[in-house]
Amino acid sequence: AQSVTQLDSQVPVFEEAPVELRCNYSSSVSVYLFWYVQYPNQGLQLLLKYLSGSTLVKGINGFEAEFNKSQTSFHLRKPSVHISDTAEYFCAVSQISSGSARQLTFGSGTQLTVLP
Amino acid sequence: DTEVTQTPKHLVMGMTNKKSLKCEQHMGHRAMYWYKQKAKKPPELMFVYSYEKLSINESVPSRFSPECPNSSLLNLHLHALQPEDSALYLCASSQEPGLLAFFGQGTRLTVV
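Chains as they are written, first to last, in our numbering: chain A, 388 to 503; chain B, 516 to 627.
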């Protein structure tokens, strides 16, 4: 079984300040990791993914995340946020195993609010 | 084309109505999903189709009935819904189950 914990349900931050959204996962096997963003009344948009290779992953809109296997974390960062980054952010994990039973598991989400 | 298209965008239905939600993708993905999302909550998996066969049904009530007519289409048939079924219904697809999933914009369903 796998699980995802997003430690902060809400993160307020001022415009142009840096931000980190935390994500920890639990799994007995190796995993793929994802961050999705959801703007109000819209679907989920992929920000970035870790499948293999370099542990520092760059995504869209200036976001990046670092996979830390020893700490089982995949925190999302942005050095300078904009008002338009205000949205709900979901971390997700999927086990690296074959078969149709493999599933994407979501964390509970973090609401990022960028203040002027 | 990396789009998953869902119709309709909004749907209001009575508790005795029958309606269907539609989802389409042309990325050649072999896994398609239905998720239900309530406000301020993560998406909850309802069904997974893998190679056009239902592979996962997360104990969803029978008033929700999925259908996968072909590898590009996924439907969700709705009948005798309850007000608590009001939510955003998201369709997604991926190359294989559990891999990178692309989501549609969702259908906002209101049951009155």
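Think of the CB as a built atom: it goes at the ideal place given N, C-alpha and C, for glycine as much as any other residue.
These numbers were taken from a predicted model, which means no experiment stands behind them.
I'd like to know if the region 422-432 of chain A and the region 619-627 of chain B are in contact, where contact means that at least 3 CB-CB pairs between them fall below 8 Å.
yes
> Going by beta carbon distance, what residues of the same chain come within less than 6 Å of Q389/A, once the five residues before and after it are set aside?
Replying inline: Within the same chain, and ignoring the five residues on either side of Q389/A in sequence, the residues whose Cβ sits closer than 6 Å to its Cβ are S414, V480, Q482, T492.
Using a cut-off of 8 Å between C-beta atoms, extract the partners of P557/B located in chain A.
F477, F493, G494, S495, G496
Please report how far the alpha carbon of V468/A lies from the alpha carbon of S580/B, in whole angstroms.
-> 42 Å
Just confirm the distance between the C-beta atoms of F454/A and L420/A, as a whole number of angstroms; I'd bet it's less than 8 Å. 6 Å
Original post:
With distances taken from CA atoms, which of A607/B, L615/B, K533/B, Q521/B is nearest L560/B?
Top reply: A607/B
L569/B classed as buried or exposed, judged by whether at least 16 other C-beta atoms fall within 10 angstroms
exposed
According to DSSP, residues forming a beta bridge with Q397/A: Q498/A
- Task: With a 10 Å radius around its C-beta and 16 neighbouring C-beta atoms as the bar for buried, classify V424/A as buried or exposed.
- Result: buried
Tell me the DSSP secondary structure of N532/B in three-state form. coil
Tell me which residues of the region 433-451 of chain A have at least one Cβ-Cβ distance to chain B shorter than 9 Å, keeping chain order.
Result list: L433, K436, L438.
- Taking R464/A and P612/B to be in contact with their CB atoms under 8 Å, please state how far apart those CB atoms are, rounded to whole angstroms. The Cβ separation is near 30 Å, so there is no contact.
_On the DSSP bridge list, what partners appear for T392/A?_
N411/A, per the DSSP bridge assignment.
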